[in-house]
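This note's numbering puts the sequence shown at residues 76 to 256.
For each residue, glycine too, the CB sits at the ideal point set by N, CA and C.
Accompanying notes for the structure given below.
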Amino acid sequence: MPILVVPTAAVHRSFLAAWDEAGPQEERWMGARSVAGAEEEWSRGQAADPAEFARMIEAIRAEAEPETALPPGIVHQTVLWFVDGVDWLGRLSIRHHLTPALTELGGHIGYYVRPSARRKGYATQMLTQSLPIAATLEIDPALVTCDLDNEGSRRVIESAGGELEDERHGKLRFWVPTRMS
């Protein structure tokens, strides 16, 4: 069964295959960037190098650490990868606090499922598995947003207990409880 894990080099090949599936229009969702220390973004070619991939993972993991310095307006986030063995299926970010921009558009939790893994219930599993993790970060409830016309994501959020608050700037804003009652 697929699970959320901290980024790991064990899925290197599968991560690259997912990147190739995503193509240029979705490659930003692969999360091959870090704002820990100096902002850095990895290209597909750089990520193919095992040493660079390991460095990228280290930088992404550092974003969750409270002692990591971040640029003004950027919050710490825990990035998790959704994997089935060595198969990379997607990524999920839990932002530790909300800025005004995240309150309007991004929310606490964002997720991405690779194209070949869509419509298999993975986004629902990812969001559900992330809620207890968000609770340990003192997030309750979590703000989760989706595009107004993204019916699939809306169903994912609602199945996790999301309650619609409103629509802003073309985004639906839901509050999802992270603690079991």
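| query | result |
| --- | --- |
| Per-residue burial, Q152 [other beta carbons within 10 Å of its own, 16 or more giving buried] | buried |
| E114 burial status per 10 Å Cβ neighbour count (16 or more: buried) | exposed |
| Contacting residues, own chain, Cβ-Cβ under 8 Å from I132 (five flanking each side not counted) | P82, T83 and A84 |
| Cβ separation of C221 and I208, assumed to be a contact under 8 Å, to the nearest whole Å | At roughly 20 Å, the Cβ-Cβ gap does not stay under 8 Å, so C221 and I208 are not in contact. |
| Same chain only: Cβ atoms within 8 Å of P146, ignoring 5 sequence neighbours per side | V110 and E114 |
| Contacting residues, own chain, Cβ-Cβ under 7 Å from V158 (five flanking each side not counted) | P77, I78, V80, V86 and L164 |
| Alpha carbon of R193 to alpha carbon of Y187, nearest angstrom | 9 Å |
| Beta-carbon gap between A210 and R243 smaller than 8 Å | no |
| Backbone CA spacing between A235 and G181 [nearest angstrom] | 17 Å |
| S234, DSSP secondary structure in three states | helix |
| S168, enclosing beta strand (DSSP E) - first and last residue | D162 to R170 |
| Segments assigned alpha helix (DSSP H), at least 4 residues, entirely inside the segment 171 to 224 | 197 to 211 |
| Cβ neighbour criterion (16 or more within 10 Å) applied to H172 | exposed |
| According to DSSP, residues forming a beta bridge with V110 | Per DSSP, none; premise fails for V110. |
| Selected residue, minimal CA-CA separation from P252, among P216, I169 and P190 | P216 |
| Where L239 falls, given that 16 or more other Cβ within 10 Å makes a residue buried | exposed |
| Spatial distance of N225 from G237 (CA atoms) | 15 Å |
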